[in-house]
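K.L.:
Here it is, the structure, as structure tokens.
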Amino acid sequence: MYTGYFALLMAALMAILTVATESSIPGYDVFVPEWEVRAHPSGDALRLNGTAEEVIQQIEKINPDYKRSFNIDDLPEQEEDIKSPHELQSRAVTTFPLDRVTCDNFEPVKSSEVMSAVRYLNDIGGRPKNGGGPANCGRVSCGYKVAVWWCNDGAQTRELSGFSSITAGIYAIQTMCQQTRPKFAGQAFHPDNWNVIVRWEDC
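Residue numbers -23 to -1, 1 to 180, in mature numbering (1 follows the signal peptide of the UniProt record, and there is no 0), belong to the letters of the sequence shown in order.
Right under this line is the structure:
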């Protein structure tokens, strides 16, 4: 009996280690992102940790009507037509230099699912905070087999004014890496020494 329990325990441990290895970014340490959010429109700011999906679950335990309180639509966002690099920059959709986007350096994701990650990041509002680097990454969204990582290449702790800065990186990757393909992955580097990664993960 004990031998069977030990075998099950070792199998579970190996599964955990495999997931951890698959979820890490080569050359980067991993941190858990911190979010400054509100559960109620007039409530105090809260500091919560995890991905966007995990943080929304935590908020809904505090305020089950969170989405209604902030007029958040549960319907999936329709996939936008991919804009040309010139149009994307002229509309100020992204502050990422499009010549600093690396494509196909990770396992690709379905383009139809990427907007779900954008929707979660836009819905949560608040301000993201990460640990000091260099080479420090936190997974800010993971769902529909799409993972979004926010990486700090600077030495100091970094806090952004909002998650639109991260979604701008997603748009830059999508514009440069998707083209006409059904799947894509990539990494967008910001001039302020941080970057965004979009890639496939089992989540």
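Yeah, the Cβ is synthetic: ideal placement off N, Cα and C, and Gly gets one too.
Every value quoted in this text rests on a predicted model; they were computed, and no experiment measured them.
Output yes or no for whether 7 angstroms exceeds the beta carbon distance between W12 and E84.
P.N.:
No, Cβ-Cβ distance for W12 and E84 is not below 7 angstroms.
K.L.:
Buried or exposed: where does G109 fall if 16 or more other Cβ atoms within 10 Å of its Cβ makes it buried?
P.N.:
G109 is exposed by the Cβ-count criterion.
K.L.:
Look at the alpha carbon of N48 and the alpha carbon of R15, and state the distance between them as a whole number of angstroms.
P.N.:
Computed Cα separation, rounded: 14 angstroms.
K.L.:
Within 10 Å of its beta-carbon, does A132 have 16 or more other beta-carbons around it, so buried, or fewer, so exposed?
P.N.:
With fewer than 16 other Cβ atoms within 10 Å, it is exposed.
K.L.:
Sorted by chain position, which residues of the same chain lie with C-beta nearer than 7 angstroms to Y43's C-beta, five sequence neighbours on each side aside?
P.N.:
Excluding residues within five positions, the ones whose Cβ falls inside 7 angstroms are A16, I36 and E37.
K.L.:
Given this structure, state the Cα-to-Cα distance separating W126 from A22, to the nearest angstrom.
P.N.:
C-alpha separation (whole angstroms): 24 angstroms.
K.L.:
On the DSSP letters alone, give me the boundaries of the beta strand (DSSP E) that R176 sits inside.
P.N.:
From DSSP, the beta strand (DSSP E) with R176 extends over W171 to W177.
K.L.:
Who are the near neighbours of G4 in its chain, counting only those whose CB is closer than 7 angstroms to its CB and skipping five residues on each side?
P.N.:
Closer than 7 angstroms at the Cβ level, and outside the excluded window around G4, lie A112.
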